[in-house]
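Residue 1 is where the sequence shown starts when you use UniProt numbering, and the numbers rise one by one after that.
Ideal Cβ placement from N, Cα and C applies to all residues, glycine included.
Model, not experiment: these values are computed from the prediction.
First comes the structure, then the notes that go with it.
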Amino acid sequence: MSINLISWNCHGFRAHSPEFKTLINKYQPICVCIQETYLSPNIDPRIANYSFLRKDNINNSRATGGVAIVYSNLFPSKPVCINTPLQAVAIQIHIKMPITVCTIYLPPHQTISLNELDNLIVQLPTKFILLGDLNGHSTLWGSDTTNNRGLQIEKLISDNSLCLLNDSSYTHFHQPSRTFQTIDLTICTPSIFTRWNFSTEDNLYNSDHFPILLTHSDNSITFTKRPARFIFDKANWPLFTVISELTVDMAQSHDIDIAVENITNHILAAADIAIPKTSDKQPRLWKPWWDEKYAKAFRIQKRCWDRFRRYPTTENFINFKKAKAMARRIK
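Structure representation (structure tokens):
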């Protein structure tokens, strides 16, 4: 299985947790960087086999913005302590070697100084990836124009000798103008630039941002498998009794350790034949709302979205909105 990282402005984690689980089931990522979580400190979301590292943003007693890294428990990892007023968190994950993943959200109308961004960069251990919604427009990463935030990010990349993993893919759908933009960026240190392949999903997953997918180019890295366990309730005990019968030859050894090993291996071989085991694969996240009715509505929504992307007419946009509303009502 490929090693994947995902970055996504989910536009509210609780509202889009079903779509989040769909992404987890599809890609089994080692971590997901999410922006605009809209989580308050009293909310404790949970995802099976994953942990949360988050920074909430409370404004006038209301949750706005916010970032989180949802990381797999299958890989050794530890939080990276960063001192910054920015909405950012970082974690170091060991994938053959330590790599730091940092997610960030820069609100579009908030004044951000270049010093704050530089200060964040110098706190990250070498070999890092910075992912997030930076709300910066630049022709360097596919925008039609360049704004002040875009110029700021260009200078950040240049001054710190960083690399941009983005290609020309759009990452955001601006609904009022019905246009596609690139404001979600993936920036890394040069030493790991060639190790990650960049792509974007073609589905918004009911947000207004496309999930970004980074895939590691080294396919030899694998996930730790779950230990398979015997399912004793489903054992064929008569068969086990027959094939596990011991013989005198098994214990005929001058070395007691060899005799014990022979008997143990014989019993385990019999158990492998007569007693089924649990799967060693990671379980998929349960989605109780997913039935044939919702699956049909989801297919219609996706078909309408694909049609609108190819032919962005008012009629196609209205059809997509109707299909999206119908799918949400069913769910």
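Relative to P125, the option among N9, N148, Y170, C188 whose CA is nearest is C188. Three or more Cβ pairs closer than 8 Å define a contact, and the segment 44-51 falls short of that threshold against the segment 156-176. Pairwise C-beta distances place the segment 51-71 out of contact with the segment 241-249, as fewer than three of them are shorter than 8 Å. The DSSP assignment places 237-243, 248-251, 256-274 as complete runs of the alpha helix (DSSP H) inside the segment 236-308, in order along the chain (cut-off: 4 residues). By the neighbour-count criterion, in which 16 or more other beta carbons inside 10 Å mark a residue as buried, N9 falls on the buried side. Counting only runs that start and end inside the segment 17-87, the beta strand (DSSP E) elements of at least 3 residues fall at 31-35, 50-55, 67-72, 77-80.
Beta-bridge annotation (DSSP): P98 is paired with H94.
The alpha carbon of T179 has as its nearest neighbour, out of F308, E292, Y294, V67, the alpha carbon of F308. Per DSSP, the continuous alpha helix (DSSP H) segment holding T314 begins and ends at 314-330. In the structure shown, G132 falls within a strand segment according to DSSP collapsed to helix, strand and coil. For the options L86, D159, H94, H209, the alpha carbon positioned closest to that of P79 is the one of H94. Rounded to whole angstroms, the separation of the alpha carbons of L74 and A228 is 15 Å. For the pair D184 and H216, the CB atoms are not nearer than the 7 Å cut-off. Taking 7 Å as the cut-off, the Cβ atoms of Q87 and Y105 count as close. Annotation: T103 to D118 spans about 15 Å, alpha carbon to alpha carbon. I129 counts as buried, since no fewer than 16 other beta carbons sit within 10 angstroms of its beta carbon. In the three-state DSSP reduction, S191 falls in the helix class (H, G or I). Following the DSSP letters along the chain, one finds S158 inside the alpha helix (DSSP H) bounded by residues 148-159. Only residues of its own chain outside the window of five on either side were considered, and among them none has a CB closer than 7 Å to the CB of V122.
N206: not part of any beta strand (DSSP E); DSSP gives it neither H nor E. Take V32, set aside five residues on each side of it, and the residues of its chain with a beta-carbon closer than 6 Å to its own are I6, V70, in chain order. Per the C-alpha coordinates, the member of T139, D249, N115 positioned closest to N160 is N115. Between T37 and A68, the gap from beta carbon to beta carbon is short of 7 Å.
Per DSSP, I212 lies in no alpha helix (DSSP H) segment; the continuous beta strand (DSSP E) that holds it begins and ends at 212-216.
Within the same chain, C10, Y205, N206, S207 come within 8 Å of H16 by CB-CB distance, once the 5 residues on both sides are set aside.
An exposed status is given to W237, since fewer than 16 other beta-carbon atoms sit within 10 Å of its beta-carbon.
Annotated three-state conformation of L164 is strand, per DSSP.
Boundaries around L5 are those of the beta strand (DSSP E), 4-9, since no alpha helix (DSSP H) includes it. Taking N166 as reference, the option from R149, I91, D133, D272 with the minimal CA-CA separation is D133. Taking C-alpha positions only, Q92 is separated from V101 by approximately 6 Å. Where Q123 is concerned, the enclosing alpha helix (DSSP H) starts and stops at 114-123. Cβ-Cβ distances below 8 Å link D202 to F210, D306, R309 in the same chain, with the five nearest sequence neighbours on each side left out; the list follows chain order. Separation of R328 and F232 (C-alpha to C-alpha, rounded to the nearest whole angstrom) is 42 Å.
The beta carbon of P190 lies closer than 7 Å to those of S161, C163 in the same chain, with the five residues before and after it left out.
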